[in-house]
Amino acid sequence: MARRLLQSQLFPPAWSLLLRLTFAVACLPLLFGCANMRTAPSLPEEAQLAREQLIVYSDFKLPKKHRLVEELLALRGDVSRLLDVPVSDEPIHVYLFEDARKYHEYIGKHYPDLQDRRAFFVETDTRLTVHAHWGDQVAEDLRHEVTHGYLHSVIPNMPLWLDEGLAEYFETPRGWNGLHTAHVQLLDSLANAGWQPNLASLEGKTQLHEMTQQDYAEAWLWVHGLLSTTRERRLLLQNYLAVQRDQAQAPALSSALLASEPDVSGQLLDHLRQLATASRVE
Ligand SMILES: [Zn+2]
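Heads up: the sequence shown at position 259 corresponds to 683 in my numbering, and the numbers run straight through without jumps.
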């Protein structure tokens, strides 16, 4: 996810258009000789699919009832029910590139800091936008980024760790109950070497570039522990999100959690070990 990028960054500047026109004019006399002189990449806009909150733009024909789109629509209800938050009708604009090279060219030009990412979400004052390409991990990528869209359309100013932890939870296929096996394996091996979860430390990370792969995994573990263990923990998270939604800020969740469960980090490690054992047995 990329936070609060300027609206102007969403669109190619005027000189970019001029450059493209110059290429087009320069190519006219050469015709076939211009095969390697590509025009500047642009957003896919050739097809549109509007379903509930999602408006999908793609540079290839996407079937109206594609199961991935259906899954993204169902995800909206899953997020709302599990977190006890309302749904919004604010559109989430999803730009899908068929070709990874075109995607990276476009992102490199307009979002150079995010060039290495397979997909990302952008919130501005007026738009919620997802960019992705149709690769092997597109389903996971879209579930992750569209989750950001659903959350940001109803909850302002989400803490980064929770925003990413929830997106990691909901990026898993439907029916997995948020179980992220790659994160379980990573954290289990770290725990065997003495690692301990520390929510207060995670809460201190407010910039995307501060978040490591381990941080994403830990954020997921906290969310999974809160949503999948006891009713009290799930209610604590739901109440936290309700305050965040109403007031655009809430006291650190680690304070409330430690007040009710002083050894919550140790219990989260137990939860991790149970998940790791279950995944080895399967
Ligand atoms: Zn994310």
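Where a beta carbon is used, it is the ideal one built from N, C-alpha and C, also for glycine. Values in this document were obtained by computation on a predicted structure and should not be read as measured data.
Unbroken beta strand (DSSP E) run spanning residue i, endpoints
{"i": "LEU520", "result": "516 to 521"}
{"i": "PHE544", "result": "543 to 547"}
{"i": "ALA556", "result": "552 to 557"}
{"i": "LEU480", "result": "Correcting the residue identity first, residue 480 is Val in this sequence and not Leu. Residues 478 to 482."}
For residue j and residue i, believed in contact at Cβ under 8 Å, the rounded distance
{"i": "ALA641", "j": "LEU682", "result": "With 8 Å as the limit, ALA641 and LEU682 do not qualify as a contact, their Cβ atoms being about 21 Å apart."}
{"i": "ALA712", "j": "HIS555", "result": "A question about residue 712 goes unanswered here, because the residues of the chain that appear run from 425 up to 706."}
{"i": "LEU492", "j": "LEU603", "result": "Not confirmed; about 20 Å, so no contact."}
{"i": "GLN477", "j": "PRO515", "result": "6 Å"}
Beta-carbon spacing of residue i, residue j below 7 Å
{"i": "LEU623", "j": "TRP644", "result": "no"}
{"i": "SER689", "j": "PRO583", "result": "no"}
{"i": "TYR481", "j": "PRO468", "result": "yes"}
{"i": "PHE594", "j": "HIS557", "result": "no"}
{"i": "ARG525", "j": "LEU497", "result": "no"}
{"i": "ARG669", "j": "ILE579", "result": "yes"}
{"i": "ALA591", "j": "HIS572", "result": "yes"}
{"i": "ALA615", "j": "LEU693", "result": "yes"}
{"i": "THR605", "j": "SER703", "result": "yes"}
{"i": "HIS517", "j": "ILE479", "result": "yes"}
{"i": "SER577", "j": "SER512", "result": "yes"}
Distance, residue j Cα to residue i Cα
{"i": "ALA666", "j": "LYS489", "result": "33 Å"}
{"i": "LEU434", "j": "PRO536", "result": "Unreliable placement is indicated for LEU434, whose pLDDT of 35 sits below 50; the coordinate value is still reported in the next sentence. Rounded to whole angstroms, LEU434 to PRO536 spans 12 Å at the Cα level."}
{"i": "HIS633", "j": "ARG551", "result": "22 Å"}
{"i": "LEU696", "j": "GLU470", "result": "45 Å"}
{"i": "PRO675", "j": "LEU507", "result": "18 Å"}
{"i": "LEU575", "j": "ASP639", "result": "20 Å"}
{"i": "VAL562", "j": "VAL546", "result": "17 Å"}
{"i": "GLN673", "j": "TRP585", "result": "14 Å"}
{"i": "PRO686", "j": "TRP619", "result": "18 Å"}
{"i": "TYR738", "j": "LEU677", "result": "Missing from the structure shown is residue 738; the chain here goes from 425 to 706 and no further."}
{"i": "ASN581", "j": "GLU627", "result": "13 Å"}
{"i": "PHE560", "j": "ASP540", "result": "The identity of residue 560 in the sequence shown is Asp, whereas the question assumes Phe. Using only the alpha carbons, I get a separation of about 16 Å."}
{"i": "LYS485", "j": "LEU660", "result": "43 Å"}
{"i": "HIS648", "j": "ALA617", "result": "22 Å"}
{"i": "SER652", "j": "TRP600", "result": "12 Å"}
Residue i Cβ short of 6 Å to ligand 2 heavy atom set
{"i": "GLU588", "result": "Looking for ligand 2 in the displayed structure turns up nothing; the ligands present are ligand 1."}
Alpha helix (DSSP H) segment containing residue i, residue limits
{"i": "GLN472", "result": "GLN472 -> not in any alpha helix (DSSP H); beta strand (DSSP E) instead, spanning 471 to 475."}
{"i": "ASN601", "result": "Element bounds for ASN601: n/a, residue is neither H nor E."}
{"i": "LEU610", "result": "605 to 616"}
{"i": "HIS576", "result": "562 to 576"}
{"i": "TRP644", "result": "637 to 652"}
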